[in-house]
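Participant:
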Amino acid sequence: MQNALNAALADRLALIALGHVEREYPNKPGHVLAGPADARTPADLHPVFFGSYDWHSCVHGYWMLARLLRRFPAMEAASAIRALFERRITPEAVAGEVAYLAAPGARGFERPYGWGWLLALAAELARHDAPWAATLSPLAESFAQRFRDFLPLATYPVRVGAHPNTAFGLLMAADFMVADLSLLRGTARRWYGADRACPAWGEPSGDDFLSPALIEAALMARLLPPGEFAPWFDAFLPEIAAGEPATLFTPATVSDRTDGKIAHLDGLNLSRAWCWRRLAAALHPEDPRRAPMLAAAERHLAAGLPHVAGHYMGEHWLASFAVLAMEG
Numbered sequence: 035m036q037n038a039l040n041a042a043l044a045d046r047l048a049l050i051a052l053g054h055v056e057r058e059y060p061n062k063p064g065h066v067l068a069g070p071a072d073a074r075t076p077a078d079l080h081p082v083f084f085g086s087y088d089w090h091s092c093v094h095g096y097w098m099l100a101r102l103l104r105r106f107p108a109m110e111a112a113s114a115i116r117a118l119f120e121r122r123i124t125p126e127a128v129a130g131e132v133a134y135l136a137a138p139g140a141r142g143f144e145r146p147y148g149w150g151w152l153l154a155l156a157a158e159l160a161r162h163d164a165p166w167a168a169t170l171s172p173l174a175e176s177f178a179q180r181f182r183d184f185l186p187l188a189t190y191p192v193r194v195g196a197h198p199n200t201a202f203g204l205l206m207a208a209d210f211m212v213a214d215l216s217l218l219r220g221t222a223r224r225w226y227g228a229d230r231a232c233p234a235w236g237e238p239s240g241d242d243f244l245s246p247a248l249i250e251a252a253l254m255a256r257l258l259p260p261g262e263f264a265p266w267f268d269a270f271l272p273e274i275a276a277g278e279p280a281t282l283f284t285p286a287t288v289s290d291r292t293d294g295k296i297a298h299l300d301g302l303n304l305s306r307a308w309c310w311r312r313l314a315a316a317l318h319p320e321d322p323r324r325a326p327m328l329a330a331a332e333r334h335l336a337a338g339l340p341h342v343a344g345h346y347m348g349e350h351w352l353a354s355f356a357v358l359a360m361e362g
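Read the sequence shown against my numbering and you will find it ends at 362, with the numbers running on by one and no gaps.
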């Protein structure tokens, strides 16, 4: 791809995240108050992930920093990232995050988006020669257990283009929950296995940052054996070679980046680029569908990448999706 991740860009993206993962305000807590005692500050509620406007954005800010540190260990921001992790990912702070989950009102906290991102962070930290993954493991195991408890109860998937999307949650959890692959795969088959001829006529909606069609396909590419994925994908999006559904090949227009919901569409462009690249990689190298898929990925990345900074409504989260898009 023309827009490829390199050390200079990694430094730029890391500095964006370092500027907000410890920025407590403004803040949009996903917090249930059972009484006056629950009216607490974000940092009191969440000793690790209190910044970045909301809990899940803070988590994937940490994920991005961990990924960039592993990919570019000599970049200028590396020492600041290591210092942040040493300062914030401590046994006491992680215990505070785990304790928050014990409240009765926290059963659905960040389900499934934040669950998936936390497990993606844990899987990324496990690739580092540092104690951070072990320190975070009580919290990671708490969220993995939430998936184990929830998935058998989830009769239906959630197919929206935002945080409740169940395909995205499973996809982000998969690298951590390798021991639970049969549960994830069985759930994906149950939810999506019979889907055919996806029209994608409702995409994009006005505040999407995920493509329901493409994220579902990316999940199936991740979880299904290749011999099972290929016929499923052929039936799910049968007109890919002809550039249909056209809406999936066309970057979204973003009219107002100061509006948090409309700014989601920059994330849609980045997440579509990520999905198109993942799906192209799942096909045979000579498959004629790969060329239009990779071209669509390039268009979407080019549309989204210039806007990862500029206004806090996008700046507090978009860089993470840019790294997803560029890393595939």
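Positions of the beta carbon are idealized from the N, C-alpha and C atoms, including for glycine.
Where do the ends of the alpha helix (DSSP H) carrying residue 87 lie?
Facilitator: For this step, residue 87 is matched to residue 53 along the sequence shown. First-last for residue 87: undefined, no H or E at that position.
Participant: How long is the line joining the alpha carbons of residue 90 and residue 249, rounded to whole angstroms?
Facilitator: Within the sequence shown, the letter at position 56 stands for residue 90. Within the sequence shown, the letter at position 215 stands for residue 249. Near 18 angstroms, if we compare the C-alpha coordinates of residue 249 and residue 90.
Participant: Can you check whether the CB of residue 157 is closer than 8 angstroms to the CB of residue 209?
Facilitator: As a working note, residue 209 is residue 175 in the sequence shown. As a working note, residue 157 is residue 123 in the sequence shown. Yes, Cβ-Cβ distance for residue 209 and residue 157 is below 8 angstroms.
Participant: Do you know offhand how far residue 345's Cα is from residue 335's?
Facilitator: Here residue 345 is taken as the residue at index 311 of the sequence shown, counted from 1. Here residue 335 is taken as the residue at index 301 of the sequence shown, counted from 1. So the two alpha carbons sit approximately 19 angstroms from each other.
Participant: Tell me whether residue 107 sits in a helix, a strand or coil according to DSSP, three-state version.
Facilitator: In the sequence shown, the residue the question calls residue 107 occupies position 73. In the structure shown, residue 107 sits in coil (DSSP, three-state: anything other than H, G, I, E or B).
Participant: Identify which residue in 240, 104, 149 and 180 has its Cα closest to the Cα of residue 160.
Facilitator: The count along the sequence shown starts at 1 and reaches residue 160 at position 126. Comparing Cα positions, the closest option is 104.
Participant: Taking DSSP as the reference, what is the three-state secondary structure of residue 235?
Facilitator: Numbered from its first residue, the sequence shown carries residue 235 at position 201. Residue state, collapsed to three classes: coil.
Participant: Identify, in the order they occur along the chain, each residue of the same chain with its Cβ nearer than 7 angstroms to the Cβ of residue 95, setting aside the five sequence neighbours on each side.
Facilitator: As a position in the sequence shown, residue 95 is number 61, starting the count at 1. Within the same chain, residue 95 has close Cβ partners 51, 54, 55, 86 and 354.
Participant: From residue 349 to residue 49, what distance separates their C-alpha atoms?
Facilitator: As a first step, residue 349 is located in the sequence shown; it is residue number 315 there, counting from the start. As a first step, residue 49 is located in the sequence shown; it is residue number 15 there, counting from the start. Each residue's Cα considered, the two are about 11 angstroms apart.
Participant: Assuming residue 200 and residue 233 make a contact with CB atoms under 8 angstroms, what is their CB distance in whole Å?
Facilitator: Here residue 200 refers to the residue found at position 166 of the sequence shown. Here residue 233 refers to the residue found at position 199 of the sequence shown. Actually they are not in contact, since the Cβ atoms of residue 200 and residue 233 sit about 20 angstroms apart, beyond 8 angstroms.
Participant: Write down the C-beta distance between residue 173 and residue 132 rounded to the nearest angstrom, noting that I regard them as a contact closer than 8 angstroms.
Facilitator: Here the question's residue 173 lines up with position 139 in the sequence shown. Here the question's residue 132 lines up with position 98 in the sequence shown. About 5 angstroms separates the two Cβ atoms, so the contact holds.
Participant: Taking the alpha-carbon of residue 302 as reference, which of 288, 69, 169 and 64 has the nearest alpha-carbon?
Facilitator: One-based indexing of the sequence shown puts residue 302 at position 268. With distances taken between Cα atoms, residue 302 lies closest to 288.
Participant: Please state whether the Cβ-Cβ distance between residue 305 and residue 282 is less than 8 angstroms.
Facilitator: Against the sequence shown, residue 305 aligns to sequence position 271. Against the sequence shown, residue 282 aligns to sequence position 248. No, the pair does not count as a contact, with Cβ atoms beyond the cut-off.
Participant: For residue 67, count neighbouring C-beta atoms within 10 Å of its own C-beta (all shown protein chains included) and say buried if the count is 16 or more, exposed if not.
Facilitator: If you number the sequence shown from 1, residue 67 lands on position 33. Per the 10 Å Cβ criterion, exposed.
Participant: The alpha helix (DSSP H) spanning residue 201 covers which residue range?
Facilitator: For the purposes of this step, residue 201 is taken as residue 167 along the sequence shown, with counting starting at 1. From DSSP, the alpha helix (DSSP H) with residue 201 extends over 200-207.
Participant: Note down the Cα distance separating residue 65 from residue 149, rounded to an integer number of angstroms.
Facilitator: One-based indexing of the sequence shown puts residue 65 at position 31. One-based indexing of the sequence shown puts residue 149 at position 115. So the two alpha carbons sit approximately 15 angstroms from each other.
Participant: Please report how far the alpha carbon of residue 299 lies from the alpha carbon of residue 290, in whole angstroms.
Facilitator: Position 265 of the sequence shown, counting from 1, holds the residue named residue 299. Position 256 of the sequence shown, counting from 1, holds the residue named residue 290. Using only the alpha carbons, I get a separation of about 10 angstroms.
Participant: Go ahead and label residue 126 buried or exposed: buried means 16 or more other beta carbons lie within 10 angstroms of its beta carbon, across all protein chains shown.
Facilitator: In the sequence shown, counting from the first residue as 1, residue 126 sits at position 92. Classification for residue 126: exposed.
Participant: Any heavy atom of the ligand NAP within a distance shorter than 7 angstroms of the CB on residue 206?
Facilitator: Of ligands this structure carries none, so the ligand NAP is not represented either.
Participant: Is the beta carbon of residue 338 sitting closer than 8 angstroms to the one on residue 307?
Facilitator: Here residue 338 corresponds to residue number 304 of the sequence shown, with the count starting at 1. Here residue 307 corresponds to residue number 273 of the sequence shown, with the count starting at 1. Yes, they are a contact pair.
Participant: Quick one: measure Cβ to Cβ for residue 275 and residue 219, integer angstroms, because I've assumed they're closer than 8 angstroms.
Facilitator: Position 241 of the sequence shown, counted from the first residue, corresponds to residue 275. Position 185 of the sequence shown, counted from the first residue, corresponds to residue 219. About 28 angstroms separates the two Cβ atoms, so there is no contact after all.
Participant: Counting along the chain, where does the alpha helix (DSSP H) carrying residue 263 start and finish?
Facilitator: Sequence index remark: in the sequence shown, residue 263 carries index 229 (1-based). Taken as a continuous stretch (DSSP letters only), the alpha helix (DSSP H) holding residue 263 covers 260-270.
Participant: Would you kindly check if the distance between the Cβ of residue 357 and the Cβ of residue 39 is under 8 angstroms?
Facilitator: In the sequence shown, the residue the question calls residue 39 occupies position 5. In the sequence shown, the residue the question calls residue 357 occupies position 323. Yes, the Cβ-Cβ distance between residue 39 and residue 357 is below 8 angstroms.
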